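Undergrad: Here the numbering used here = 1-based position in the sequence shown + 975.
Just so you know, even glycine gets a beta-carbon here, dropped at the ideal spot from N, CA and C.
Note that this is a predicted model, so its numbers are computed, not measured.
The structure is given below, and queries will be raised subsequently.
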Amino acid sequence: MVAELKTGIKYDHAFIASKKDPLIVLNNFLQAGIFTKYVMYEGKDEVRIAGGELATVLVTPERVLLAGMGKTISEPVSNPLKQLEKLLDSLQLKDWTAYGYVGFDLVRFYSAYSKAISQPLCQFLIPETELHFNREGVKIKTTKSIELVKQILSDDTQLPNYEPTSLKVDRSQQSDYQQSVSTLIEAIKEEHLHKAIISRSFKLDGALDILGTYKLAAQANNSARSYCLDLGDVRAVGFSPETLIEVNETGFVTTNPLAGTRHRGVNAEEDLQLHNELFTDAKEVKEHSLSIWLAQSEIASVCLPETVHIYNFMEVKKYRCVQHLSSRVGGQLKPDHSFWDALIVLFPGIGENIGFVRPGATSY
């Protein structure tokens, strides 16, 4: 189904040479009713806030949909990431950026996997307003009144004093989890898997305060990437020391798997000892080498062969509680390939799913 109406929407730009606290700014936009849906993303040198809804693209187990800017498209799902690429390319809007998430369960369209969350498997917001916070100030990109955005940015209302809430974790599924561990150990012994990273979910009562949770969690993490978002059906807070995929304006793609871990020492001497163990422990070295081997193979499938290289091989990245072995793998995309092609081969991340071969791993 397709319904379309041409629009004359465009972004205006401005810059404020003043440092602002992104969380305070986001809260002020929410309190002013300017944002209902939003994404905040924090990287190494920049924080971005995207809010307000010009358009949304999303994937369900049955459909791929685009809604907004006078256009509504709904089509059966087949290759969802390439379908999203086509829908986003159809937007009659210059200089757009899409913010959102790709859920693990989207792998059901690319591997032997059948689970699916009840929320959209993948969802991206094309915002009315973007704010980029860096050392120099705040870059504004908006379809709304620049003066209105500046007015809200000037509001120095402080955030509430957030206090963490003690949560009671239901451990009734402990035996099921232990059985899963036993199953995976047997799979490794039988060489169906080389490695398994096991996770589990907990359901908790109560309402999640997104900004409060993000603020308190950020104080306890120094991750390379962090985010909080509210897209209606999905609200989330997350932190990660690695990136699955980065593609620059020239089409150079990199991935940064981390594998091999030690905790931080109680003092500098123990920290150095644990650091050195990352290079002398055969398990940690093998784990990292396997991750890089897989990443290199995947990158090579969409990049020019002569451009594929390993960078910053086996560096140690230190975080508040742990230290990891880190390498980067990159290459120049083939002329007929895009970011979305690279995402298809790299998704889901090595850190979430290692089996060699990946389709076999997802069956677990």
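1) Among S1302, P1323, G1226 and L1269, whose alpha-carbon lies nearest the alpha-carbon of H1312?
2) Assuming N1287 is part of the beta strand (DSSP E), what are its boundary residues?
3) Between the C-alpha atoms of C1278 and W1315, what's the straight-line distance to the nearest angstrom?
4) How big is the Cα-Cα spacing for A1199 and E1017?
5) Per DSSP, what are the beta-bridge partners of S1049 in this structure?
6) Using DSSP's beta-bridge definition, name the partner residues of I991.
7) Who are the near neighbours of E1327 in its chain, counting only those whose CB is closer than 7 angstroms to its CB and skipping five residues on each side?
8) Assign L1123 to buried or exposed, taking buried as 16 or more other Cβ atoms, counted over all protein chains shown, within 10 Å of its Cβ.
9) Across the stretch 1186–1199 and the stretch 1269–1283, are there enough close Cβ pairs to call them in contact, namely three or more that are closer than 8 angstroms?
10) Nearest CA to the CA of K1143: which residue from S1155, E1105, N1109 and L1179?
11) Using 10 angstroms around the beta-carbon of H1238, count the other beta-carbons present and answer buried if the total reaches 16, otherwise exposed.
12) How long is the line joining the alpha carbons of S1150 and M1044, rounded to whole angstroms?
13) Which value, in whole angstroms, describes the spacing of the CA atoms of A1162 and Y1152?
14) Among residues of its own chain, excluding the 5 on either side of I1092, which ones have a beta-carbon nearer than 7 angstroms to its beta-carbon?
15) Is it buried or exposed, F1004, if we count other Cβ atoms within 10 angstroms and call 16 or more buried?
16) Return the CA-CA distance between Y986 and T1117, expressed in angstroms with no decimal places.
17) In chain order, what residues of the same chain have a beta carbon less than 8 angstroms from the beta carbon of Y1294, not counting five sequence neighbours either side?
18) Using 10 angstroms around the beta-carbon of H1299, count the other beta-carbons present and answer buried if the total reaches 16, otherwise exposed.
19) The beta strand (DSSP E) spanning V1320 covers which residue range?
20) How is the alpha helix (DSSP H) around Y1152 delimited, first residue to last?
21) List the endpoints of the continuous beta strand (DSSP E) containing H1169.
22) Expressed to the nearest angstrom, what Euclidean distance is found between the alpha-carbon atoms of L1063 and V1113?
23) Quick one: what does DSSP say I1101 is sitting in, helix, strand or coil?
24) Exposed or buried, L1318, counting other C-beta atoms within 10 Å across all chains shown (16 or more means buried)?
25) Using DSSP with H/G/I as helix, E/B as strand and the rest coil, what is R1210?
26) Where does L1142 fall in DSSP's three states?
27) Please name the residue or residues paired with S1201 in a DSSP beta bridge.
28) Using the C-alpha atoms, what's the distance from S1155 back to S1174?
29) Residue range of the alpha helix (DSSP H) that V1355 falls in?
30) If I1127 and I991 are in contact, beta carbons under 8 angstroms, what's the gap, nearest whole angstrom?
31) Which residue from L1186, K1069 and V1022 puts its Cα closest to that of Q1006?
TA: Taking the definition as stated:
1) If you number the sequence shown from 1, residue 1312 lands on position 337. With distances taken between Cα atoms, H1312 lies closest to G1226.
2) Position 312 of the sequence shown, counting from 1, holds the residue named residue 1287. Per DSSP, N1287 belongs to the beta strand (DSSP E) from H1284 to K1293.
3) Within the sequence shown, numbered from 1, the residue matching residue 1278 stands at position 303. Within the sequence shown, numbered from 1, the residue matching residue 1315 stands at position 340. About 13 angstroms.
4) As a first step, residue 1199 must be located in the sequence shown, where it is residue number 224. As a first step, residue 1017 must be located in the sequence shown, where it is residue number 42. Cα-Cα distance, rounded: 8 angstroms.
5) Here the question's residue 1049 lines up with position 74 in the sequence shown. The partner list for S1049 (beta bridge, DSSP) reads L1040.
6) If you number the sequence shown from 1, residue 991 lands on position 16. Per DSSP, V1113.
7) Position 352 of the sequence shown holds residue 1327. Residue confidence for E1327 is low, a pLDDT of 45 falling below 50, so the modelled location carries little weight; the figure read from the coordinates is stated next. Around E1327: F1079 and I1172.
8) Indexing the sequence shown from 1 puts residue 1123 at position 148. When all chains shown are included, L1123 counts as exposed.
9) no
10) For the purposes of this step, residue 1143 is taken as residue 168 along the sequence shown, with counting starting at 1. Ranked by Cα distance from K1143, the first of S1155, E1105, N1109 and L1179 is L1179.
11) Stepping through the sequence shown from its first residue, residue 1238 is reached at position 263. Its Cβ having fewer than 16 others within 10 Å, H1238 is exposed.
12) Here residue 1150 refers to the residue found at position 175 when the sequence shown is read from its first residue. Here residue 1044 refers to the residue found at position 69 when the sequence shown is read from its first residue. Cα to Cα, the separation comes out at about 50 angstroms.
13) By 1-based counting over the sequence shown, the position of residue 1162 is 187. By 1-based counting over the sequence shown, the position of residue 1152 is 177. Rounded to whole angstroms, A1162 to Y1152 spans 15 angstroms at the Cα level.
14) Counted from its first residue, the sequence shown places residue 1092 at position 117. Contacts found: G1078 and D1080.
15) Translated into the one-based positions of the sequence shown, residue 1004 becomes position 29. Buried, by the Cβ-count rule.
16) By 1-based counting over the sequence shown, the position of residue 986 is 11. By 1-based counting over the sequence shown, the position of residue 1117 is 142. Straight-line Cα distance between these residues: approximately 5 angstroms.
17) Working through the sequence shown from its first residue, we reach residue 1294 at position 319. Answer for Y1294: N1196, N1197, S1198, P1216 and R1239, listed in chain order.
18) Counting from one through the sequence shown, the residue named residue 1299 turns up at place 324. The residue is buried, with at least 16 neighbouring Cβ atoms inside 10 Å.
19) Taking the sequence shown and counting its residues from 1, one reaches residue 1320 at position 345. Careful: V1320 lies outside any beta strand (DSSP E), inside the alpha helix (DSSP H) at F1314 to L1321.
20) The residue labelled residue 1152 in the question sits at position 177 within the sequence shown. Counting along the chain, the alpha helix (DSSP H) containing Y1152 begins and ends at Q1149 to K1164.
21) Walking along the sequence shown from the start, residue 1169 turns up at place 194. Taken as a continuous stretch (DSSP letters only), H1169 belongs to no beta strand (DSSP E), as it is neither H nor E.
22) Counting from 1 along the sequence shown, the entry for residue 1063 is found at position 88. Counting from 1 along the sequence shown, the entry for residue 1113 is found at position 138. Taking the straight line from one Cα to the other gives about 26 angstroms.
23) Indexing the sequence shown from 1 puts residue 1101 at position 126. I1101 falls in the strand class under three-state DSSP.
24) Along the sequence shown, one-based indexing puts residue 1318 at 343. Buried, by the Cβ-count rule.
25) Here residue 1210 refers to the residue found at position 235 of the sequence shown. Three-state DSSP puts R1210 in a strand.
26) As a working mapping, residue 1142 is identified with position 167 in the sequence shown. Note: L1142 maps to coil in three-state DSSP.
27) Taking the sequence shown and counting its residues from 1, one reaches residue 1201 at position 226. Note: S1201 sits in a beta bridge opposite E1017 and F1214.
28) Looking up residue 1174 in the sequence shown gives position 199. Looking up residue 1155 in the sequence shown gives position 180. Taking the straight line joining both Cα atoms gives about 10 angstroms.
29) This structure cannot settle anything about residue 1355, because the visible part of the chain is limited to 976 through 1339.
30) The residue you call residue 1127 lines up with position 152 of the sequence shown. The residue you call residue 991 lines up with position 16 of the sequence shown. I1127 to I991, Cβ: 11 angstroms. No contact.
31) In the sequence shown, residue 1006 corresponds to position 31, counting from 1. Among L1186, K1069 and V1022, the Cα nearest to that of Q1006 belongs to L1186.
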